[in-house]
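Numbering (this note's numbering), first residue to last: 116 to 426.
Presented below is the structure to which this report refers.
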């Protein structure tokens, strides 16, 4: 905003009351001071905002346009002040969390209801987005805390000004339905990955390249010279699992999320001769921002549920 907020306050009151004297009384200043402020604003904006007459002032079309926006701005400020007073009076804390759809479903959501029940004074807002988007939101302070896949050191994505608090170790595995795998096992044996034709023919279901899990998978495959020719890209791990269940290909997923499928035979783990390095998920916070009480309660609650009391 290029203009001094005080000039807009004067403009708002004058437009609201259609009278400079009434605006002066409302603002506890003299009428000449009101006139001077309006003239200054008109000069700054290079436009005429009011028509003057013996009965008072009325807005020009340009003034009407500006007034609508100024009125909305002051209404928003008033609402913000009222919410702040209400929150302080009731001890309400607000906490905004960034988390991927997958981590929200499997990690955050199962414990969220008891956490909210135990902490009714904490009002939570959740933004479902990729880990990289959550990191960016933390860097520009649009959210308070994130639940993310912790990037490895040297990651191509910039993660400066963000601190990580590990919560859980996870492992990526490759799974598929028996109906999809059997033709490859019959053609290339129990270790189809040893035949280059397998990677030319099989479809691999991977997350899109904007996802940190995809970056981890690509690094693993590249390190062991495994280059799938047919890739089906999806934007969340639930879809990867569903596609694998439907027999559409081989999905790279977090092992914890498909244990029941493996146990009941819906999916089978496919060993590729190497094990993907384990990685961690955890909370992410802006490095320069002090952890507030609501953030601390969330971190401590989830840590105690994962590692046990006293962690």
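Every residue, glycine too, gets a C-beta built ideally from N, C-alpha and C.
This structure is a prediction, so every number in the text was calculated from the model and none was measured.
{"Asked": "Unbroken alpha helix (DSSP H) run spanning residue 311, endpoints", "Found": "311 to 316"}
{"Asked": "Candidates 312, 130, 293 and 330, of which the one nearest residue 246 by Cα", "Found": "330"}
{"Asked": "Neighbour-count burial assignment, residue 352, 16 or more Cβ in a 10 Å radius", "Found": "buried"}
{"Asked": "C-alpha distance - residue 286 paired with residue 318, whole-angstrom precision", "Found": "21 angstroms"}
{"Asked": "Residue closest to residue 362, alpha-carbon to alpha-carbon, out of 393, 292 and 122", "Found": "292"}
{"Asked": "Straight-line Cα distance separating residue 323 from residue 271", "Found": "Legend: pLDDT at residue 271 = 43, less than 50; position of this residue unreliable, no value from coordinates given."}
{"Asked": "Unbroken beta strand (DSSP E) run spanning residue 368, endpoints", "Found": "365 to 369"}
{"Asked": "At least 3 beta-carbon pairs within less than 8 angstroms: the segment 404 to 420 vs the segment 254 to 268", "Found": "yes"}
{"Asked": "Inter-residue Cα distance where the pair is residue 219 and residue 171", "Found": "58 angstroms"}
{"Asked": "Sequence-distant residues of the same chain with beta carbon closer than 6 angstroms to residue 211, five excluded per side", "Found": "240, 258 and 259"}
{"Asked": "Rounded straight-line distance, which links the Cα of residue 137 to that of residue 127", "Found": "12 angstroms"}
{"Asked": "Residue 240 - DSSP class collapsed to helix/strand/coil", "Found": "strand"}
{"Asked": "Cβ-Cβ distance between residue 299 and residue 313 below 8 angstroms", "Found": "yes"}
{"Asked": "Alpha helix (DSSP H) runs wholly inside the segment 251 to 308, at least 4 long, in chain order", "Found": "293 to 303"}
{"Asked": "Coil, strand or helix - residue 178 by DSSP", "Found": "helix"}
{"Asked": "Bridge partners - residue 400, DSSP secondary structure assignment", "Found": "278"}
{"Asked": "Exposure of residue 302, with buried meaning 16 or more beta-carbon neighbours within 10 Å", "Found": "exposed"}
{"Asked": "Supposed close pair residue 388, residue 316 - CB separation, criterion 8 angstroms", "Found": "The pair is not a contact, with the Cβ atoms about 17 angstroms apart (cut-off 8 angstroms)."}
{"Asked": "Where residue 195 falls, given that 16 or more other Cβ within 10 Å makes a residue buried", "Found": "exposed"}
{"Asked": "Cross-strand partners of residue 321 (DSSP beta bridge)", "Found": "348"}
{"Asked": "Any 3 or more C-beta pairs closer than 8 angstroms across the segment 368 to 375 and the segment 334 to 343", "Found": "no"}
{"Asked": "Backbone CA spacing between residue 166 and residue 160 [nearest angstrom]", "Found": "16 angstroms"}
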